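See below for the structure under consideration.
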Amino acid sequence: MVLAASSLGTQDLLFRLKDRGSLPRISDALGAQVRTNAESLIGVRYPRSDADLSQGIAIGSGVYLDEHTHIEAVRYPAGSDSMGLLTTLMEIGGKGRGRRTAWLAALLRQLLTRPLATVRVLWPANFARETMILLCMQTLDGHLTMRWKRRWLWPFAKHLATEGTKIPAFIPQANAFAAKGAQATGGVALTSISEMLLTIPMTAHCMGGAAMGHNRSDGVCDGRNRVFGYRNMYICDGSMLGANLGVNPSLTITALTEHAMSHIPSADRQSWDAIGEET
Ligand SMILES: Cc1cc2nc3c(=O)[nH]c(=O)nc-3n(C[C@H](O)[C@H](O)[C@H](O)COP(=O)(O)OP(=O)(O)OC[C@H]3O[C@@H](n4cnc5c(N)ncnc54)[C@H](O)[C@@H]3O)c2cc1C
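Under the numbering used here, the letters of the sequence shown match residues 334 to 612, in that order.
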């Protein structure tokens with residue numbers, strides 16, 4: 334059996350089955366070390382630009398801002414302007430509530446002094462054509478913990494819910510890079526609304542939660558993707574990753590899956606995996 338429902342999908346499935354008693358031996362490390370690739374999605378918009386930034390391959394270049402921080406220039410294809418609804422003006426000064434106040438003040442100032450230009454920056458039409466997305470990722474250690482519990486808002490069923498320490502909502506170096514880049518090239522720096530208003534980072538790279546480990550106490554599966562405690566059960570998706578990669582994860586997920594598959598013997602040589610036995 335191969336589980337490949339993505340980090341959140343596989344965690345949901347395994348928590349549900351462990352809770353119901355169908356898979357009681359799934360490691361208690363389930364839900365630990367859930368990561369976002371320490372990702373931050375920001376950008377620079379060039380309203381009324383002559384260039385069409387929506388044409389070309391999605392990710393063509395990237396630089397390391399420091400040994401842990403990689404930033405890529407990304408484009409959204411034509412037809413994805415609605416992504417613009419998730420963005421707002423970037424504010425790099427202040428912390429916590431002070432930052433939100435500074436953002437609101439800057440937004441009001443912009444709306445009063447340059448109303449048309451500001452509306453054009455925030456308007457979703459032409460967002461893909463006029464925007465260079467900056468995708469920043471870090472290899473630094475930061476993680477969430479997922480638990481299977483009832484929410485006070487809807488106590489009738491259990492759901493995945495985060496617990497414990499939050500991860501940083503934004504990466505100061507990345508924001509500084511976007512702000513400087515915008516200034517140098519005549520654009521306007523943007524960030525996500527969730528980051529600015531709710532202090533929640535936006536990510537397309539949710540990983541971990543059923544990570545590889547040495548044994549059942551520190552991981553859900555082993556280095557060949559075999560689930561501890563069970564025979565012939567494999568996890569082959571982003572949930573197996575035990576670290577922030579700092580780069581886009583698809584190829585790593587594919588390579589680790591190919592590695593796992595390469596160790597599965599052909600049908601005529603099939604035998605039970607010793608790793609599946611309870612230790
Ligand atoms: C907008 C966007 C752009 C991205 N760009 C890149 C990029 O350029 N390069 C890169 O490397 N990565 C990129 N990523 C990240 C990449 O897509 C993911 O990291 C990768 O797809 C994760 O692979 P996965 O196998 O874990 O899960 P997925 O690819 O999400 O596959 C999980 C599958 O399981 C299915 N599923 C879920 N729950 C269940 C269930 N209970 N039962 C049955 N099926 C279920 C889902 O429908 C889905 O088909 C991007 C992500 C997004 C959202």
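Ideal placement from N, C-alpha and C gives every residue a C-beta, glycine not left out. Computed from a predicted structure; not experimentally measured.
query                                                                                                                      : result
Same chain, Cβ closer than 8 Å to A512, five either side skipped, listed in chain order                                    : M423, I425 and A522
Own chain, CB closer than 7 Å to E611, minus 5 neighbours either side, in chain order                                      : No answer about E611 holds up, because its pLDDT of 47 lies below 50 and its placement is not dependable.
L468: first and last residue of the uninterrupted beta strand (DSSP E) it sits in                                          : T464 to Q471
Pick from L449, S413 and R557 that is closest to M465, judged by C-alpha positions                                         : S413
Where S599 falls: helix, strand or coil (DSSP)                                                                             : coil
Reference G571, options R484, H538 and A494, closest by Cα                                                                 : H538
Host beta strand (DSSP E) of K482 (start-end)                                                                              : T478 to R484
Boundaries of the beta strand (DSSP E) in which R378 is found, first to last residue                                       : S373 to R378
The alpha helix (DSSP H) enclosing S525, as first and last residue numbers                                                 : That residue, S525, is in no alpha helix (DSSP H); its beta strand (DSSP E) goes V521 to S525.
Beta-carbon contacts of A613 that lie in its chain and below 7 Å, excluding the five residues immediately before and after : This structure cannot speak to residue 613, because the chain is shown only from 334 to 612.
Whether L374 touches M529 by CB criterion (8 Å)                                                                            : no
Check whether T343 and A576 have beta carbons under 8 Å apart                                                              : no
Environment of I390 [buried if 16+ CB atoms lie within 10 Å]                                                               : exposed
Simplified DSSP state of T612, which is helix, strand or coil                                                              : Residue confidence for T612 is low, a pLDDT of 42 falling below 50, so the modelled location carries little weight; the figure read from the coordinates is stated next. It is coil, neither helix nor strand.
Close beta carbons around V396, own chain, < 8 Å, minus the five adjacent residues each side                               : H403 and I404
Inside the stretch 346 to 374 only - alpha helix (DSSP H) runs reaching at least 4 residues                                : none
Same chain, Cβ closer than 8 Å to T518, neighbours up to 5 away in sequence not counted                                    : V377 and Y379
Chain-order list of residues whose beta-carbon lies under 6 Å from that of H401 (same chain, five-residue window excluded) : Q471, T472 and L473
Start-to-end residues for the beta strand (DSSP E) that takes in T421                                                      : T420 to L422
Backbone CA spacing between L437 and K351 [nearest angstrom]                                                               : 46 Å
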